[in-house]
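Chemist: The following block contains the structure, expressed as structure tokens.
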């Protein structure tokens with residue numbers, strides 16, 4: 006009986022963890038905010054005359070050093086990937102990809118969190134193919 010109770014508790018806790026991380030409202034809000042940041046990073050990359058030696062410098066410049074704009078992503082890993090003159094941002098929870106966005110497009114590009122398979126925290130967007 007103790008083993009059954011323990012297994013039931015583990016299953017219930019696992020379900021809570023999954024539903025919290027995949028809450029559609031939370032993910033939609035994060036996707037919207039990530040889209041805004043991705044657009045800002047992409048625009049800064051394309052139109053700023055300042056050379057940025059790191060993606061952290063580029064990210065800070067894109068939000069005008071207002072780090073409160075990055076606060077919603079604080080418990081996640083945010084990766085900025087530069088492909089030629091395009092920026093792709095990836096939001097991950099530990100090593101699991103959640104949302105991937107190329108700053109050159111008008112929509113949020115890939116909602117990894119909603120896929121049936123778990124995706125590793127790796128960039129999958131090829132900006133050369135996606136961006137005009």
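In our numbering, the protein residues as written are 6 to 137. C-beta: ideal position from N, C-alpha, C; glycine also.
1. Cutting at 6 Å between CB atoms, please list the residues of its own chain near residue 37, excluding the five before and the five after it.
2. Tell me which residues share the same chain as residue 135 and place their Cβ nearer than 6 Å to its Cβ, disregarding the 5 neighbours each side in the sequence.
3. How long is the line joining the alpha carbons of residue 73 and residue 32, rounded to whole angstroms?
4. Could you check whether the Cβ of residue 82 sits closer than 7 Å to any heavy atom belonging to the ligand FMN?
5. Considering only the alpha carbon of each residue, which of 35, 59, 82 and 137 lies closest to residue 109?
6. Kindly provide the ranges of any alpha helix (DSSP H) runs that are 4 or more residues long and lie completely inside the segment 21 to 91, ordered along the chain.
7. Are residue 47 and residue 92 touching if we call contact CB-CB under 8 Å?
8. Cβ atoms of residue 111 and residue 126: under 8 Å apart, would you say?
9. Less than 8 Å between the C-beta atoms of residue 65 and residue 113, yes or no?
10. Identify, in the order they occur along the chain, each residue of the same chain with its Cβ nearer than 6 Å to the Cβ of residue 29, setting aside the five sequence neighbours on each side.
Modeler: Looking at the coordinates:
1. The residue given as residue 37 occupies position 32 in the chain shown. If the five residues before and after residue 37 are omitted, its C-beta is found closer than 6 Å to no C-beta atom of its own chain.
2. For the purposes of this step, residue 135 is taken as residue 130 along the chain shown, with counting starting at 1. Here the set comprises 107.
3. In the chain shown, counting from the first residue as 1, residue 73 sits at position 68. In the chain shown, counting from the first residue as 1, residue 32 sits at position 27. For residue 73 and residue 32, the distance between alpha carbons rounds to 19 Å.
4. As presented, the structure is devoid of all ligands, the ligand FMN included, so that no description of it is given.
5. On the chain shown, residue 109 is found 104 positions in, with the first residue counted as 1. Nearest C-alpha to residue 109: 137.
6. 29 to 52 and 60 to 67
7. The sequence position of residue 47 within the chain shown is 42, counting from 1. The sequence position of residue 92 within the chain shown is 87, counting from 1. It is a contact, given that the beta carbons lie within the stated cut-off.
8. Position 121 of the chain shown, counting from 1, holds the residue named residue 126. Position 106 of the chain shown, counting from 1, holds the residue named residue 111. The answer is no: Cβ separation not under 8 Å.
9. For the purposes of this step, residue 65 is identified with residue 60 of the chain shown, where counting begins at 1. For the purposes of this step, residue 113 is identified with residue 108 of the chain shown, where counting begins at 1. Cβ atoms of residue 65 and residue 113: not closer than 8 Å.
10. Counting from one through the chain shown, the residue named residue 29 turns up at place 24. Answer for residue 29: no residue qualifies.
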